[in-house]
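Q: Below is one structure. I have some questions about it.
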Amino acid sequence: MSDETGRRNLRMPNDDEVFAVVKRHDGGNHVTLQCADGEERMGRIPGRMKYRTWINEGDVVLAEPWDWQDEKANVEWRYSDQDADQLREEGHIE
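Everything in the sequence shown is counted per this note's numbering, starting at 2 for the first residue and increasing by one.
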């Protein structure tokens, strides 16, 4: 009998990344992010993700704040709805 809990190993933020929720699409490759550290940042979707990964309002993403401008961040990863639910269950995000 296999213990199938459905848990997957998800990508976790490294030292300079934070969880964030997309609040709105600002057009082009920009989004407004509500980050887990309480900051609201302008997120930039890099070209390598722009057409491969559709990012919608309410999506949970990994954002990497810029060193030189803390109010901006690059979107590094998007979690599926299923992955986001798992993160919530495990207490990583609200």
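In this text, a Cβ means the ideal position worked out from N, Cα and C, and glycines have one as well.
With a 10 Å radius around its C-beta and 16 neighbouring C-beta atoms as the bar for buried, classify residue 60 as buried or exposed.
A: Burial call: buried.
Q: Between the stretch 80-89 and the stretch 51-58, are three or more C-beta pairs nearer than 8 Å?
A: No, they do not touch.
Q: Out of curiosity, what's the CA-to-CA distance linking residue 2 and residue 13?
A: The predicted position of residue 2 is uncertain, since its pLDDT is 41 and thus under 50; no value can be drawn from it.
Q: Would you mind giving the Cβ-Cβ distance between residue 58 and residue 26, rounded to the nearest angstrom? I have them listed as a contact below 8 Å.
A: About 6 Å; that satisfies the 8 Å criterion.
Q: Figure out for me which residue from 10, 30 and 68 has the closest Cα to the Cα of residue 18.
A: Among 10, 30 and 68, the Cα nearest to that of residue 18 is on 68.
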